[in-house]
Structures are given as structure tokens and as C-alpha cells.
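Reading through the C-alpha cells given below for one structure.
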Amino acid sequence: MSSYSLPGWVLLVVFLFSFIGVVSVFLALRGEPDKPEHLSYVEDFIHGAKWHWQWLSNQIVNLWCYCPRCEATLVYDDSSCHNYLADTKKTDFICENCRHSIVASIPGGNKTYALGAVEREIDRRIRTGEYKRQSA
Ligand SMILES: [Zn+2]
Numbered sequence: 000m001s002s003y004s005l006p007g008w009v010l011l012v013v014f015l016f017s018f019i020g021v022v023s024v025f026l027a028l029r030g031e032p033d034k035p036e037h038l039s040y041v042e043d044f045i046h047g048a049k050w051h052w053q054w055l056s057n058q059i060v061n062l063w064c065y066c067p068r069c070e071a072t073l074v075y076d077d078s079s080c081h082n083y084l085a086d087t088k089k090t091d092f093i094c095e096n097c098r099h100s101i102v103a104s105i106p107g108g109n110k111t112y113a114l115g116a117v118e119r120e121i122d123r124r125i126r127t128g129e130y131k132r133q134s135a
């Protein structure tokens, strides 16, 4: 019986090594989609303002814009969307620190629409790979 014990141990060692190999390959494959490259892309200039955001499981969260001149947090004005006399609906982003100048103006709708438009632009730049050229 003792002559069978050595091949048994060898098989066990081989099995252990291949098991570790399979696990590390599995983890490497699984790790890739968990940490896509664009997760380090968290700011860009869009419509004249500097936008910052965070990633939460591939979703853009805490998206907001800042003044490219003084870094102040911008305030929004989408009053044209509530005014039925105004022919163009838009959202202005204003810097209170720069004499209330309009830093960015996004046409098409209110604040929710404007944030959605910026989110779509971020998504577009990721899909086209444009963001890599800008951050480099
Ligand atoms: Zn400013």
C-alpha cells in the first residue's frame, strides 16, 4: 500500500497548484470589469464649465459644475423653463464669485435636463475614448 502513497501526494500537490491557478485566473477575469479605466475620469470641461462627479457602481453621482476661473460652486438658473413667454428653454450656471457672470448655458430644458445632457456628454466621451486624450 505504501507504494501508492507517493503518487497520491504528488497528485494532491498538482491538484492544489492547478486549483490556485484556476482561482487566480478567475479572479483576474472577474477583476477587470470591476475596475474599468474610466473610473479615474472624474472631471472635465463641458459647455464652458468645469464638471466634477463620482462613480458609484458605474453610475455618475454627485455631478456638479464649478467655475473654471475661481473654482467656486456654480448656482443654476432655469427660470426660462417656467416662463411661458420665453421662447428658448435653457439652464444657466452662474458664478456668484465672478460678478454673477454666466459661466455655462445649456439649452433645451431645466436643471434636471441640463445635468442629464452633461451626463450623456460624459458617456459619449467615454465611449469614443475622447476623455483619455483630454486627461493625458
Ligand atoms: Zn468664478
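Heads up, the sequence shown is in numbering that gives the first Met the number 0, so the first residue is 0 and it goes up one at a time. For glycine and all other residues, C-beta sits at the position ideal for the given N, C-alpha and C.
Excluding sequence positions up to five away, which residues of its chain have a Cβ less than 7 Å from the Cβ of Gly47?
Along the sequence shown, read from residue 1 onward, the residue named residue 47 stands at position 48. Cβ within range, chain order: Val102 and Ala103.
Grouping DSSP H, G and I as helix and E and B as strand, with all else coil, what is Pro106?
Within the sequence shown, residue 106 is the residue found at index 107, counting from 1. Note: Pro106 maps to strand in three-state DSSP.
For a test of the three-state rule: what should DSSP assign to Thr87, helix, strand or coil?
On the sequence shown, residue 87 is found 88 positions in, with the first residue counted as 1. In the structure shown, Thr87 sits in coil (DSSP, three-state: anything other than H, G, I, E or B).
Return the chain-ordered list of same chain residues with a C-beta closer than 7 Å to the C-beta of Leu38, the five sequence neighbours on each side being excluded.
Counting from 1 along the sequence shown, the entry for residue 38 is found at position 39. Cβ within range, chain order: Trp54.
Over what stretch of residues does the beta strand (DSSP E) that includes Val41 continue unbroken?
Here residue 41 refers to the residue found at position 42 of the sequence shown. No beta strand (DSSP E) holds Val41; DSSP gives it neither H nor E.
From the DSSP secondary-structure annotation, give me the bridge partner or partners of Ile137.
Residue 137 is absent from the model: the chain starts at 0 and stops at 135.
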